[in-house]
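So the protein sequences, as listed, match chains P and Z.
Per this note's numbering, residue 180 is the first one in the first sequence, and the count goes up by one each step.
Per this note's numbering, residue 18 is the first one in the second sequence, and the count goes up by one each step.
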Amino acid sequence: MNSIDEIIELYKREIDQTLIDASLQRTVEERIQALEDFDQFREELRDAMERRRDALR
Amino acid sequence: MTRFGELLRTLATAGVEFIVVGGVAAAAHGSPRSTQDVDVVYGRGRQNLQRLVEALLPHKPYLRGAPPGLPFRFDLETLRAGLNFTLITDLGWLDLLGEIAGGGRYEDLLPHSITIAAFGIECHVLDIETLIRTKRSAGRRKDLEGIAELESLRDRQKRL
Chain P
180 MNSIDEIIEL
190 YKREIDQTLI
200 DASLQRTVEE
210 RIQALEDFDQ
220 FREELRDAME
230 RRRDALR
Chain Z
18 MTRFGELLRT
28 LATAGVEFIV
38 VGGVAAAAHG
48 SPRSTQDVDV
58 VYGRGRQNLQ
68 RLVEALLPHK
78 PYLRGAPPGL
88 PFRFDLETLR
98 AGLNFTLITD
108 LGWLDLLGEI
118 AGGGRYEDLL
128 PHSITIAAFG
138 IECHVLDIET
148 LIRTKRSAGR
158 RKDLEGIAEL
168 ESLRDRQKRL
């Protein structure tokens, strides 16, 4: 096993299998849609932070 | 914000030859990891390049991260002269890849893809073994956690 394999094996110990299980319960379309939903959520959070910063100025 | 489904639908309905790779392919296989762009390997044939131009031009493709106002034209000539393009469009972020490390070009990858049906279209997605192999070949530190996750996912699917 090379050092990269060793690092990957270490990372595997940290993986939250419940997230993988939840994802596997979804259809392919639902999994890709989840990316979009999260992207939208991230954008809304960023906007909220900007509004907060503006309000504090 | 990237409209993942709409980007795939735009390419597929225009008849573009492409294979979904990267984070969206990982998500399609079940990875819960987030991504912000759509990465596709596209066919380099002249007809396919023309289809790409016709599909994407209405969505105002521009070089992502480049200062505004550059004389960038998304046309056949530009596509033929380049290989990989990281774009921003009005549907979101799209990376057009002529080839990927450890995987090669569209024709090389096609036998290592699966067909998925989603968003009212069918498209090719790189299979999980090849996705892992290409990520390993890319040798990027940021991919190591993703590789671990994909390998766990693959092993999980085998047990199901």
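Just so it is clear, CB atoms sit at the ideal spot from N, CA and C, and this is done for glycine as well.
{"Check": "A44/Z vs I211/P beta-carbon contact at 9 Å", "Outcome": "yes"}
{"Check": "Minimum Cβ-Cβ distance from Q53/Z to chain P less than 9 Å", "Outcome": "yes"}
{"Check": "Per DSSP, cross-strand counterpart(s) of F35/Z", "Outcome": "Y59/Z"}
{"Check": "Residue(s) in a DSSP beta bridge with T132/Z", "Outcome": "H141/Z"}
{"Check": "Residue-chain proximity (L224/P, chain Z), Cβ-Cβ < 9 Å", "Outcome": "no"}
{"Check": "Contacts of E185/P in chain Z (Cβ-Cβ under 8 Å)", "Outcome": "In chain order: nothing, as chain Z lies at least about 11 Å away."}
{"Check": "F35/Z burial status per 10 Å Cβ neighbour count (16 or more: buried)", "Outcome": "buried"}
{"Check": "Inter-residue Cα distance where the pair is A213/P and L198/P", "Outcome": "13 Å"}
{"Check": "Integer Cβ distance of L167/Z from S48/Z, believed to fall under 8 Å", "Outcome": "6 Å"}
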